[in-house]
Ligand code: FES
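Numbering (our numbering), first residue to last: 23 to 145.
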């Protein structure tokens, strides 16, 4: 079953919604289920000043993306790149094994958003 933290982030997702003026956008699809996620980032002085997400995904995908926005905000880009899907699952007090693949979306989406930002900066 889901932990209390997963249910909390599922019912009250943090930082959900589109960011119109994002500096970087990461879009990922989950090959295992076909679900989709967008991560939007705003960067200032090499730090994640703001981060938001949108997902057409399951409850675990909503909870993991909500959690990763809280974990990544304020971090430098290099620090944010070190957040793994296991870190996110641990911060949520675990996910049911059958739902572990759902946490790929959040971690991969954040990585892609940072890559997109760096590409736009010509780095
Ligand atoms: Fe698709 Fe969870 S079942 S992300």
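For every residue, glycine included, the Cβ atom is placed at its ideal position computed from N, Cα and C.
Keep in mind it's a predicted model, so treat the numbers as computed, not measured.
Following the continuous alpha helix (DSSP H) through residue i, name the residue where it begins and the one where it ends.
i	result
residue 134	125-142
residue 42	That residue, residue 42, is in no alpha helix (DSSP H); it is neither H nor E in DSSP.
residue 93	81-94
residue 66	Element bounds for residue 66: not the alpha helix (DSSP H) but the beta strand (DSSP E), 58-66.
Apart from the five residues on each side of it in sequence, which residues of its chain come closer than 7 Å, Cβ to Cβ, to residue i?
i	result
residue 94	70, 73, 102, 105, 132
residue 130	50
Looking at residue i: is its Cβ nearer than 8 Å to the Cβ of residue j?
i	j	result
residue 122	residue 31	no
residue 86	residue 65	no
residue 46	residue 142	yes
residue 91	residue 36	yes
residue 61	residue 135	yes
What residue does the beta strand (DSSP E) around residue i start on, and which one ends it?
i	result
residue 49	46-51
residue 70	69-78
Spatial neighbours of residue i within its chain, please: CB distance less than 8 Å, with the 5 preceding and 5 following residues excluded, ordered by chain position.
i	result
residue 57	51, 77, 78, 79, 80, 83, 124, 127
residue 23	118
residue 137	46, 48
Is it right to say residue i is buried, meaning 16 or more other beta carbons lie within 10 angstroms of its own, or is it exposed?
i	result
residue 44	buried
residue 107	buried
residue 39	exposed
Beta-carbon within less than 6 Å of residue i's beta-carbon, same chain only, minus the 5 sequence neighbours each way: which residues are those?
i	result
residue 28	85, 114
**OP:** Determine, using beta-carbon pairs with one atom in the region 119-138 and one in the region 48-60, whether at least three such pairs fall under 8 Å.
**Re:** yes
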